[in-house]
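Under our numbering, the first residue of the sequence shown is numbered 6, with each subsequent residue one higher. Even glycine gets a Cβ: it sits at the ideal position worked out from N, Cα and C. Beneath this line is the structure, given in structure tokens, with notes to follow.
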Amino acid sequence: QVQLVESGGGLVQAGGSLRLSCAASVNIFSINAMGWYRQAPGKQRELVAAISSGGSTNYEDSVKGRFTISRDNAKNTVYLQMNSLKPEDTAVYYCYAEAPWSFYWGQGTQVTVSS
């Protein structure tokens, strides 16, 4: 069982920055990939960014150049640095972990970007 605890969401003005954190209850070396999805009201959940156990990253097109995903293996934590935020980035952001044995979600953290 993997527990994911997210933090760092909040309210920010357009153009501002936030950093989301996702702390895992296990050594993240054992996890294939971790990342972030988001879901805005009335929309489907979409993948925002992901990072593999080897450090490879991928991003949704609309966040490329603005968001950066990283991991700290010593802290079993993955981060999402979000810069140049736009109102359309407003959503609940969910951390996930893809382990060899199962898939896990965090509880979600709200990000609201005001115009």
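### Task
Indicate the three-state DSSP secondary structure (helix, strand or coil) for S22 in the structure shown.
coil
task: Can you give me the Cβ contacts of N63 inside the same chain, cut-off strictly under 6 angstroms, excluding the 5 residues immediately before and after it?
output: A55
Quiz item: Leaving out five residues before and five after F108 in sequence, what residues of the same chain have Cβ atoms less than 8 angstroms from its Cβ?
Solution: Y101 and A102
Contact the segment 84-91 vs the segment 8-22: 3+ CB pairs below 8 angstroms:
yes
| task | Rounded to whole angstroms, what's the CA-CA distance from N32 to Q8? Just pull it up for me. | result | 11 angstroms
| With distances taken between CB atoms, is the gap from L25 to W41 smaller than 8 angstroms? | yes
Query raised in the report: A96 by DSSP, collapsed to three states: which one?
Result: strand
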